[in-house]
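Numbering (my numbering), first residue to last: 1 to 345.
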């Protein structure tokens with residue numbers, strides 16, 4: 001868990017960056033050095049990481065920062081209940097449920113994601129609301145695949161409003177299906193993360209999986225299905241009501257969206273925002289809310305974001321800078337520049 005591998009060194013570095021705690025390992029002894037108020041947090045983290053490692057399912061280094069966030073939000077949280085709650089298992093050879101190859105489970109990566117997964121299991125209708133990159137669509141598709149493979153539903157229906165984003169569909173080349181395909185592509189991407197590509201294609205051809213614009217739902221009643229409405233912030237009130245009244249017997253529905261990213265024409269109010277206002281507290285409906293802290297980022301992207309944050313705070317490093325100095329001795333803009341050789345603006 002704390003050996004000399006690059007993965008372990010990265011985990012230790014992440015712990016220090018997030019908590020200010022330095023970890024010293026001598027044989028089987030671990031010493032924590034740093035702020036006293038953070039030592040208890042790191043002790044809980046290491047204890048639970050050790051339990052996970054002993055069970056043969058260690059926490060990945062990429063998840064250490066997220067695990068710290070979980071324990072900060074809920075000191076009594078059990079990391080195993082969050083990071084080992086498999087929604088669906090996908091093998092490296094492409095088969096869902098680990099059918100061949102090395103199995104990789106799709107699991108929550110934050111406390112908010114765990115609450116979202118629990119809500120989808122419990123409620124017939126669940127709203128997943130928050131910024132892009134928080135896993136709303138990804139986990140909803142994974143849950144849909146899980147219920148389909150377990151034969152709890154007969155089909156999966158994924159829909160999106162075809163907001164034209166400045167382009168008129170009528171002037172785009174191709175058939176209607178080819179015109180709307182770019183708007184549906186994120187749903188295909190999520191499916192391919194949960195299922196083998198050939199299986200996705202076969203299920204689409206058989207009608208077991210349907211991906212369509214929201215307008216295709218009008219006049220239908222969907223029974224024994226798992227239905228996902230993605231990008232729901234771009235529905236009108238009328239469209240949202242139409243979608244919600246399509247839910248039939250034995251059907252589970254998930255609505256995802258970000259109310260801060262509405263692309264509707266001026267004068268049109270969001271059906272998602274309206275639905276959240278009037279349906280909050282209704283029995284049988286779950287609402288999971290995400291924030292910017294729940295955004296799942298690649299470690300490199302995290303580093304890039306931190307660099308941009310520093311730049312916005314006036315701590316920008318000039319090209320070629322090393323240890324506070326550029327190749328030509330230029331200081332950081334936030335530092336007083338030598339009067340004889342002012343740095344670039």
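Beta carbons: idealized from backbone N, C-alpha and C, even for Gly.
DSSP places residue 70 in the uninterrupted alpha helix (DSSP H) bounded by 64–73. The beta carbons of residue 285 and residue 110 sit no closer together than 9 angstroms. Note on the stretch 246–305: whole beta strand (DSSP E) runs with a minimum of 3 residues are 252–257 and 285–289, in chain order. Of all alpha-carbon atoms in 147, 181, 148 and 153, the one lying nearest the alpha-carbon of residue 161 is that of 181.
Excluding the 5 residues flanking it on each side, residue 143 has same chain C-beta neighbours closer than 6 angstroms at 87 and 120, in chain order.
Cα atoms of residue 75 and residue 153: separation of roughly 37 angstroms, rounded to the nearest angstrom.
Within the model, the alpha-carbon separation for residue 228 versus residue 7 is close to 37 angstroms. Taking the Cα positions, residue 141 is about 45 angstroms away from residue 27.
Within the same chain, and ignoring the five residues on either side of residue 20 in sequence, the residues whose Cβ sits closer than 8 angstroms to its Cβ are 34, 35 and 38.
Counting only the Cα atoms, residue 253 lies some 7 angstroms from residue 247. In the DSSP assignment, residue 229 falls within the unbroken beta strand (DSSP E) covering 225–229. Here residue 257 is buried: its Cβ has 16 or more other Cβ atoms, across all protein chains shown, within 10 Å. With a beta-carbon spacing of about 28 angstroms, residue 223 and residue 197 fall beyond the 8 angstroms limit used to define contacts. Ranked by how close their Cα comes to the Cα of residue 61, the residues 11, 264 and 241 have 11 in first place.
Contact check for residue 137 against residue 186 passes: the beta carbons are separated by less than 9 angstroms. Residue pairing from DSSP leaves residue 115 without any beta-bridge partner. The Cβ-Cβ distance between residue 25 and residue 2 falls below 9 angstroms. In chain order, 290, 294 and 295 place their CB closer than 6 angstroms to the CB of residue 134, counting only its own chain and leaving out the 5 sequence neighbours on each side. In the DSSP assignment, residue 210 falls within the unbroken beta strand (DSSP E) covering 209–213. For residue 45 and residue 220, the gap between their C-alpha atoms comes out near 50 angstroms. Nearest to residue 114 by alpha-carbon distance, out of 131, 85 and 130, is 85. Taken in chain order, the complete alpha helix (DSSP H) segments of 4 or more residues contained in the stretch 118–149 are 136–149. For residue 87, DSSP records no beta bridge to any residue.
Nearest to residue 58 by alpha-carbon distance, out of 264, 212 and 83, is 83.
Beta-bridge partners of residue 29 (DSSP): 26. Where residue 153 is concerned, there is no enclosing alpha helix (DSSP H), because DSSP gives it neither an H nor an E. Excluding five sequence positions before and after residue 122, the CB atoms of its chain that fall closer than 8 angstroms to its own CB belong to 286, given in chain order. Residue 15 sits in a helix when the DSSP states are folded into three classes.
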